[in-house]
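J.:
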Amino acid sequence: PSGYFATPMVDTFNAYPHLLHRALKHRFPFAVINVIVTAIGGENSQSGAQRFADQVLCHRPDVVAIDYGLNDRGIGLDAARGFWTTMIEQTQQTSARLILLTPTADATQRPSVPSEEQQLLQDHARQIRQLAADYGIGLADSLAAFQSYAQTGDLGDLLSWSNHPNRQGHELVARELLRWFPIG
């Protein structure tokens, strides 16, 4: 979410938090809306959970979106589940609504890649979906949106780098999030 495209290039204004902000302002033109990005590039849920109360919840948000799936592959499913659970439960002690995001697809999700190489990202997405279901909270299924696109298009259309989405990929994520903000 911090806007990495082709590292070290950071394109904040074409990343989904900014795109969502613009879409929300279009949908709700009379509302005061702030989107605060607390992301740190390359961060996983372990370090995210350590700073969550002090650097995220301190802003007293109305909505919190958690998106660590892509970077959590390095810490494993069990550890990631624990850190996500910590952040979910801390958020539930506030009045904020919560939306979990599955990871965006990366180059391992191309049809030409062996299924065992695709599996780790898919396992993290499955775990995030299960956490959303277990806690009865929102889910923006970025991976499913990317997979849906790839059924008729080339996954490469959505990537700026092997593991970073381009603007078109970020637009898919913003659309998934926008579903949680209906008119009226």
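Numbering-wise, the numbering used here puts 17 at position 30 of the sequence shown, and it's gapless, one number per residue.
Beta carbons: idealized from backbone N, C-alpha and C, even for Gly.
Just to confirm, are glycine 63 and threonine 89 a CB contact at a threshold of 9 Å?
T.: Taking the first residue of the sequence shown as position 1, residue 63 is located at position 76. Taking the first residue of the sequence shown as position 1, residue 89 is located at position 102. Taking 9 Å as the Cβ cut-off, glycine 63 and threonine 89 do not qualify as a contacting pair.
J.: Where tyrosine -9 and glycine 123 are concerned, what is the direct C-alpha to C-alpha distance, given to the nearest angstrom?
T.: Mapped onto the sequence shown, residue -9 falls at position 4. Mapped onto the sequence shown, residue 123 falls at position 136. Going from the Cα of tyrosine -9 to the Cα of glycine 123 covers about 30 Å.
J.: Relative to the C-alpha of alanine 66, which candidate in Thr(-6), Leu44, Leu142, Gly35 has its C-alpha closest?
T.: Counting from 1 along the sequence shown, the entry for residue 66 is found at position 79. The candidate whose alpha carbon is nearest that of alanine 66 is Gly35.
J.: Could you give the residue range of the beta strand (DSSP E) that holds tryptophan 167?
T.: Looking up residue 167 in the sequence shown gives position 180. Unbroken run through tryptophan 167: none, as it is neither H nor E.
J.: Cα-Cα, which of His46, Arg38, Gln105 is closest to methionine 74?
T.: Locating residue 74 in the sequence shown gives position 87, where the first residue counts as 1. It is Arg38 whose Cα lies nearest to the Cα of methionine 74.
J.: Identify the residues that DSSP records as bridge partners of valine 51: which are they?
T.: One-based indexing of the sequence shown puts residue 51 at position 64. Beta-bridge pairing links valine 51 to Leu85.
J.: Can you tell me whether DSSP reads serine 99 as helix, strand or coil?
T.: The residue given as residue 99 occupies position 112 in the sequence shown. Correct three-state label for serine 99: coil.
J.: Return helix, strand or coil for proline 152, following the three-state DSSP convention.
T.: Looking up residue 152 in the sequence shown gives position 165. Strand at proline 152.
J.: Between the C-alpha atoms of glutamine 138 and glycine 125, what's the straight-line distance to the nearest angstrom?
T.: Numbered from its first residue, the sequence shown carries residue 138 at position 151. Numbered from its first residue, the sequence shown carries residue 125 at position 138. The straight-line gap from Cα to Cα measures roughly 25 Å.
J.: Compute the beta-carbon to beta-carbon distance between valine 43 and threonine 25, rounded to the nearest angstrom, for a pair I have assumed lies under 8 Å.
T.: One-based indexing of the sequence shown puts residue 43 at position 56. One-based indexing of the sequence shown puts residue 25 at position 38. Right, the Cβ-Cβ distance comes to about 5 Å (below 8 Å), so this counts as a contact.
J.: Curious, which full-length alpha helix (DSSP H) runs of at least 4 residues does the segment 89 to 141 contain?
T.: 102 to 122, 129 to 137, all fully within the segment 89 to 141.
J.: Do the CB positions of alanine 52 and isoleucine 86 come within less than 9 Å of each other?
T.: Numbered from 1 along the sequence shown, position 65 holds the residue referred to as residue 52. Numbered from 1 along the sequence shown, position 99 holds the residue referred to as residue 86. Yes, Cβ-Cβ distance for alanine 52 and isoleucine 86 is below 9 Å.
J.: Please report how far the alpha carbon of glutamine 117 lies from the alpha carbon of alanine -7, in whole angstroms.
T.: As a working note, residue 117 is residue 130 in the sequence shown. As a working note, residue -7 is residue 6 in the sequence shown. Using only the alpha carbons, I get a separation of about 31 Å.
J.: Taking the C-alpha atoms as reference points, what is the distance between glutamine 33 and glutamate 158?
T.: Counted from its first residue, the sequence shown places residue 33 at position 46. Counted from its first residue, the sequence shown places residue 158 at position 171. For glutamine 33 and glutamate 158, the distance between alpha carbons rounds to 27 Å.
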